[in-house]
Structure formats: C-alpha cells, structure tokens
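**Q** I am attaching a structure below and will ask some questions about it afterwards.
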Amino acid sequence: MSVKHEVNSAPEAESSAKVANNVKDIMKQLILALYAALILGPFMLVVMTSLKTTQELYQNPLGLPSTFHFENYAKILMEGKMPFYFKNSFIVTIISVTLIIFFASLASYAITRLDGWKSKLMYGLFTIGMMIPTQVNMIPLYLLVVKLGLNNSILGLIIIYIAFAMPFATFIMVGFMRGIPKSLIEASKIDGANEWQIYSRVVLPLSLPSVATVAIFNFVWVWNDLLFPLLFVRTDSVKTLPLAMLRFQGEYMFDFPMIFVGVVLASIPMIVTYVLLQRWFIQGLTAGSVKG
Amino acid sequence: MKSRRILYLFLLPALALYIMFFVIPTVAALGLSFTDWNGISSNIPFVGLDNYKELLKDNIFHKSVGNNVKFTLVVLTAQTALSLVFAIFLMKNSKLNVVYRTVFFLPMVLASVSIAFIWMFTYDSNIGALNVMLGNLGLAKQSWLGNSKIAIYSLAFAQIWTHIGQVMIIFIAGLQSIPENLYEAARIEGASAWQTFRYVTWPLLIPAATIVVALTTIQSFRAFDLIFVMTDGGPAYATEIISTFLYHNAFINHRFGLASASAVILMLIIAVITYTQSKLLASQNKGM
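Those protein sequences? They're chains A and B, same order as listed.
One point on numbering: in the numbering used here, the residue at position 123 of the first sequence is 126, and numbering is uninterrupted.
One point on numbering: in the numbering used here, the residue at position 3 of the second sequence is 338, and numbering is uninterrupted.
Spelled out as structure tokens, the structure:
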C-alpha cells in the first residue's frame, strides 16, 4: 500500500513526489549504510590489527597488514593461558545456564501450581530482584563469598550466577507457564501423573520458547560478564575470558595486536551463535532489557 | 494433598541460592550503610547516618552524581532520537532491513571488555582511527579519553554504540503494533508525513517510548564496565559516576560503609525511575 497506487494525483505532481521520495530514500539508505559502517568498521579494524606487528600498527594504523601475522594467534594460543581461560569460560557458562534453566523452571512451575497468596509471595520475592542493581548487593556479597571461601573458585562463580539469574528467569518462565491451559494439567492428573511428571513431560516441553529466552539472555551475560570475576577471582586458574582480557591489558601494555587477538578469539563463539540464531538473540536480549 | 508438598521441594534450590546470595546481601547493604566497617576488623562500628551526611558533603560524590546525570542525559537524548529514526527506517520486515537490524544489534552480544578495548583503540591519541582521520583532514588531534572536558562524552558515545540496537528493536516492536488501517485513514484524510507521525504514530508509540526512556536511564545509572575499563573514573574524577565511586570506595579505600550508603542512594534513584515508569505506563493504558 504505497503512494504509487493513488489514482487522482496529476502526472506532474506524481513525478515531483517521486523525485522527493527518491531523494528521501537515498538519504535514508545513506544514513543506514553510514551507521552500519560505524559498527562494522571497528570490527574489521580489530581483525586487521590482530594480524599486524606492533611496529606495523604504528607505521600504518588504519591500513591492511602487509602480511598476515597469524603467529600472533599462535603465540596467544600456544604460549599464553588463553585455552585455559576458554575452558573456564565454557565450564562456567554451560553449567550456570543449565542449572539456571533447571532451577528456575522448577521454581516457576511450583509458583504456577501453588495456591493464591503463596504463589504471589514467591513470585513477588523473586521478581523484585530485577529492580536491584548489582552494585547494591555486591559489597555484602563480596564479604559473604570471601567468608564462605567461595572466592577464587569456579563453583563460587556458578552459584552466584544462578542466584543472580533467578529474578529474570522466573519472571519470564512464570509469565509463560501461566499461559499454558489448566485443562492440560488437569488431564494429566486424571491420567495419574505426579507433579514431577507433569513438570517434565507436559509443562517444560511446552515452555521451550521461554527456556530459549532465558538460556540466551544468560548465555550472553555469563560469557561476557566482567564484574563477578573481577570481584571474586584472583588466581589465573579460575579466570574467565573477560577478566583474563582485562589483565592482558596490563601484561601486554597496550600492545593492541595482542589484545585484539584476545578480543577476536573471545568474540568468535558469541558472534557465530548470534548470526545463526539472530532472531532468538534479539528477542531474548530485548526481553531481558525490558525487565527493569 | 501429599503430592503438592513436593512443590516446595521444586522451589528449594532456586529459593535457597537466591535468598542466600541475593536477598541477604541486598538487605545487608542497607545495614552496612549505617556502619563504618573496613571489611576486616571484628568490631563493626555503628555510625548511624554519618555515611549519608558525609556523602552530602563529599565533593567527589557530588561530582559523580553530576557526571552520572550528564552521562545519562547525553545518552538518553542522542540514543532515543537516533534509535527512533533507525526504527522508522527499518520498521518493515524486508531482508535488507533484517540485515541492518542484525548489524546494529551486534555490539549487544560482545563482552563489555571487548567493546572497551575497541573504543580505547579508536580513541587512542596516536594510532586511534579518530585522530588518524582528523590528522589526514589536517585537523587538530584530541585526547578523547584524557581530556577531562570531553572524556565523558567519548564514553557516552561508546555506551550508545553498544545499546542503540536494543532500543531500536523496542521501537520497531512498538511501530509494528500500530494497526495499518490507521495509516490508511490518515492517507485518505490527506495527512502529510509529519502529521501522520505526530497524530497517528507518536501517540501510539508513547508506551514503547516510556519503556525506552526508563530502560536507558536505568542502564546509564547502572553503567560500570565500559567506564571502569576505559577511564576508571579519570582523568581527575571527570568520568567518575556513582557505580565507579562505589567500587573505588569499597575495594580500593576499604570504606564499605560509605560505599554501601552510595549504593543505597543508587538503588533509590533506580526505584524512583522504575516506579515512575510503571505509573506512566498504567495511566497510558487507562487512557486508551
């Protein structure tokens, strides 16, 4: 339904309107292309810089590398502890996200099945957490974690991620599960299913869209998170990628090629998943933002 | 009845971890703000409202709040306006538009540390793309992060670059929810593009805009990573905001009480924004 279909406009008016529309369209495409360049330009510069020597970077900061110095990557991957940090990030992210989904979906199921005030109380208790900025509880949390000896530990990080993920995860999952017809649950009860069976065979499989939202939101958050490792991790063997990269900056003293090798390697898993699942990512991360 | 008791067992793991590591620390922050604890000593001196009084007089805290407000206003104005323009451009679900949306959203999936490094490089005085290009044009180079007058704007730009795609998506969802027949009616009435925007699009976009404004404001008050990595509040506190002030006082100066008091103030600011947002949204729903 565009302007073209109007029948009553005079031919001259139509052609001048067309010119105006074309100008507008060109302006629009120009603005969009410029901004896309502003996003993609820095990315390409990062990749190019990661393949330069430091000397070459200073001689020719914006140009293509004369030869691609893949040995930068070899150096980080072979000599550095990068593979180790990768492993830590993978372990923390995968275990955290799995347990977040398991615990949050169980709790959400219980919240939708409990009666009146108990359900409301539990839902309120979990979701009020979305209003609390992490900066507020991080100081007592730090003192508590140190007291319990959970600092410098992968387990400690996982526990904290689970706790902090609960408000948003239950908010999304309870919201979704409330939309599942009660008659389905009643029917399975008549068939003799117990609560665990109703949860695992009926409600959870029907809640997969909300599981995807929660999984993606937390996958991106945990993989990229700097704050909790910054607070709780000192030893190398427990560092995840973002903290390791921050320490890189000290180690390589603004040796940008080396720093960007780290940036490229740490971003690849995320960017590949994003491109494959972009619709889910955009939806999951936007749902996550509207939370507070 | 017995089968329902298992529901409490279902709640247990989530609830136990949440209460232990989230609820208790949150309540404790309030308590801690009335003490002058250094985090180590076994006696925890109770000082009443002294921390809050000290913050009221503390120049650096004033500066942090001022910087935070400035940072928020810059991000809010520029990001909202620009993302709305992009949303209008990219509202239709054509293939090209979906590609653009994917690109604009991309920074959202990167680690804040990576984004901080990308912008530290871009802003670098000698080899940064910005100064190299200015140099090629024969213009004066700038110290984008080192000059106390411009550092906060440089950071605000990096913040916008990161979050604009997300805000744009909220606007697109809002735009797509406006019924097509309203536009048709406006066209039949002979409304200009501006009139259509002013009298059809905008009134129906207000709920989305309310969410965007609240979200952006909260994100800007919660901002930490980018600023911490890129400037750490410097030069000379020119980019210190509430969250970095809090971090420095807790983990560098070991003034956990004072830091907790500033955390409580941050929480109040965010609570007021959230409350206002929900009231506005509720009144808009009633009006419709």
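The C-beta atom is built at its ideal place from N, Cα and C for all residues, glycine as well.
Remember, it's a predicted structure, so these values are computed and weren't measured experimentally.
What are the boundary residues of the alpha helix (DSSP H) that residue 501/B is part of?
**A** As a first step, residue 501/B must be located in the second sequence, where it is residue number 166. Residue 501/B -> alpha helix (DSSP H) spans 486-511.
**Q** Which partner residues of residue 381/B appear in the DSSP bridge assignment?
**A** As a working note, residue 381/B is residue 46 in the second sequence. DSSP lists 370/B as partners of residue 381/B.
**Q** Which residues in the same chain as residue 342/B place their Cβ atom closer than 6 Å to its Cβ, once the five residues preceding and following it in sequence are excluded?
**A** Counting from one through the second sequence, the residue named residue 342/B turns up at place 7. Within the same chain, residue 342/B has no close Cβ partners at all.
**Q** Sorted by chain position, which residues of the same chain lie with C-beta nearer than 7 Å to residue 478/B's C-beta, five sequence neighbours on each side aside?
**A** Here residue 478/B refers to the residue found at position 143 when the second sequence is read from its first residue. For residue 478/B, where only same-chain residues beyond five positions count, the Cβ hits under 7 Å are 460.
**Q** Against chain A, with Cβ distances strictly below 8 Å, would residue 336/B count as a contact?
**A** Residue 336/B sits at position 1 when you count from the first residue of the second sequence. With a pLDDT of 48 at residue 336/B, under the threshold of 50, the predicted position of this residue should be treated as unreliable, though the coordinate-derived value follows. So, not an interface residue.
**Q** Give the range of the alpha helix (DSSP H) segment to which residue 131/A is assigned.
**A** Counted from its first residue, the first sequence places residue 131/A at position 128. Per DSSP, residue 131/A belongs to no alpha helix (DSSP H) and is neither H nor E.
**Q** Determine the DSSP secondary structure at residue 372/A, reduced to helix, strand or coil.
**A** With chain A represented from 4 up to 295, any question about residue 372/A goes unanswered, as that position is not in the structure.
**Q** According to the neighbour-count rule (16 or more other Cβ atoms, all chains shown, within 10 Å of its Cβ), is residue 74/A buried or exposed?
**A** The residue labelled residue 74/A in the question sits at position 71 within the first sequence. So residue 74/A ends up on the exposed side.
**Q** Is residue 529/B buried or exposed, if buried means 16 or more other CB atoms sit within 10 Å of its CB?
**A** Mapped onto the second sequence, residue 529/B falls at position 194. By the neighbour-count rule (16 or more Cβ atoms within 10 Å), residue 529/B is not buried but exposed.
**Q** Please list the residues of the segment 438-453 of chain B that have a C-beta atom closer than 7 Å to any C-beta atom in chain A, keeping them in chain order.
**A** Result list: 438, 439, 440, 441, 442, 443, 444, 445, 446, 447, 448, 449, 452 and 453.
**Q** Using a Cβ-Cβ cutoff of less than 6 Å, which residues in the same chain neighbour residue 215/A once the five nearest sequence positions on both sides are dropped?
**A** Position 212 of the first sequence, counted from the start, is the residue given in the question as residue 215/A. So the qualifying residues of the chain are 283.
**Q** Taking Cβ positions only, does residue 283/A come closer than 8 Å to chain B?
**A** The count along the first sequence starts at 1 and reaches residue 283/A at position 280. Output row for residue 283/A: interface = no.
**Q** Assign residue 285/A to buried or exposed, taking buried as 16 or more other Cβ atoms, counted over all protein chains shown, within 10 Å of its Cβ.
**A** The residue labelled residue 285/A in the question sits at position 282 within the first sequence. Burial call: buried.
**Q** For residue 340/B, which of helix, strand or coil comes out of DSSP?
**A** Translated into the one-based positions of the second sequence, residue 340/B becomes position 5. Helix at residue 340/B.
**Q** Give the residues of chain B in contact with residue 116/A, contact being defined as C-beta atoms less than 7 Å apart.
**A** Position 113 of the first sequence, counting from 1, holds the residue named residue 116/A. The answer, in chain order, is 342.
**Q** Ends of the alpha helix (DSSP H) at residue 66/A?
**A** Working through the first sequence from its first residue, we reach residue 66/A at position 63. That residue, residue 66/A, is in no alpha helix (DSSP H); it is neither H nor E in DSSP.
**Q** Closer than 8 Å, CB to CB, is residue 606/B near chain A or not?
**A** Position 271 of the second sequence, counting from 1, holds the residue named residue 606/B. Taking Cβ atoms only, chain A reaches closer than 8 Å to residue 606/B, which makes this a yes.
**Q** Give me, in chain order, the residues of the same chain whose beta-carbon lies closer than 6 Å to that of residue 221/A; leave out the 5 immediate sequence neighbours on both sides.
**A** Within the first sequence, the letter at position 218 stands for residue 221/A. The residues are 100, 103 and 168.
**Q** May I ask you to report which of helix, strand or coil DSSP gives residue 28/A?
**A** Against the first sequence, residue 28/A aligns to sequence position 25. Looking at residue 28/A - three-state DSSP - the assignment turns out to be helix.
**Q** Quick check: residue 500/B and residue 424/B, are their CB atoms within less than 8 Å of each other?
**A** Working through the second sequence from its first residue, we reach residue 500/B at position 165. Working through the second sequence from its first residue, we reach residue 424/B at position 89. No, they are not a contact pair.
**Q** Listed from N- to C-terminal order along the chain, which residues in the segment 116-148 of chain A have their beta-carbon within a distance smaller than 7 Å of any beta-carbon of chain B?
**A** Here the close residues are 116, 117, 125, 129, 132, 134, 135, 136, 138, 139, 140, 142, 143, 144, 146 and 147.
**Q** Report buried or exposed for residue 62/A, applying the criterion of at least 16 other Cβ atoms within 10 angstroms of its Cβ.
**A** Here residue 62/A corresponds to residue number 59 of the first sequence, with the count starting at 1. It counts as exposed.
**Q** What span of residues does the alpha helix (DSSP H) with residue 397/B cover, start to end?
**A** Here the question's residue 397/B lines up with position 62 in the second sequence. 394-424 is the extent of the alpha helix (DSSP H) around residue 397/B.
**Q** Does DSSP put residue 477/B in a helix, a strand or coil?
**A** Sequence index remark: in the second sequence, residue 477/B carries index 142 (1-based). Coil, per DSSP.
**Q** Quick check on the burial criterion: 16 or more other C-beta atoms within 10 angstroms. Buried or exposed for residue 606/B?
**A** Against the second sequence, residue 606/B aligns to sequence position 271. With fewer than 16 Cβ atoms within 10 Å of its Cβ, residue 606/B is classed as exposed.
**Q** Can you list, in chain order, the residues of its chain whose CB lies under 8 Å from that of residue 251/A, leaving out five sequence neighbours each side?
**A** As a position in the first sequence, residue 251/A is number 248, starting the count at 1. Correct list, in chain order: 261, 262 and 265.
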